[in-house]
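Below is one structure, written out as structure tokens; comments come after it.
Residue numbers (this note's numbering): 37 to 142.
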């Protein structure tokens with residue numbers, strides 16, 4: 037977690053610069069490009085995870101949202117396949133949250 041703390045320190049320093057109006061067009065463009073890069077990366081990951089979930093949906097003839105609810109309510113079995121599908125559902129939701137944060141929706 038040391039890396040996360042180092043990143044937060046850098047963000048905090050940038051925040052201080054912006055609050056004191058010590059920024060320029062290059063800083064703004066750099067931050068925009070970083071956010072765009074992360075958005076593209078998260079969209080790509082979301083698409084990959086969605087394709088993987090669709091394989092399970094087709095195999096088990098069930099939507100992932102329905103599966104996820106039933107699995108967590110104990111309404112279906114505990115096959116290894118289901119644990120993998122559940123992990124994909126969780127990863128998909130986490131990636132969607134990251135993407136929404138990048139878009140300023142959270």
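Even glycine gets a Cβ: it sits at the ideal position worked out from N, Cα and C.
Here the structure is a predicted model, which is why all the values come from computation and not from measurement.
- Query: Going by the CB atoms, is the gap between residue 138 and residue 89 shorter than 7 Å?
  - Reply: no
- Task: Give the secondary structure of residue 60 by DSSP, where H, G and I count as helix, E and B as strand, and everything else as coil.
- Result: coil
- Message: Strictly under 7 Å for the Cβ-Cβ distance: is residue 84 near chain B by that measure?
- Response: Protein chains in the displayed structure number just one, and chain B is not present.
- Message: In this structure, how does DSSP classify residue 87 when only helix, strand and coil are distinguished?
- Response: helix
- Message: According to DSSP, simplified to helix, strand and coil, what is residue 142?
- Response: coil
- Give the straight-line distance between the Cα atoms of residue 127 and residue 85, rounded to the nearest whole angstrom. 8 Å
- First and last residue of the alpha helix (DSSP H) that includes residue 102? 100-108
- Tell me whether residue 103 is buried or exposed, calling it buried when 16 or more other Cβ atoms sit within 10 Å of its Cβ. A residue is called buried when at least 16 other Cβ atoms come within 10 angstroms of its Cβ; residue 103 meets this threshold and is buried.
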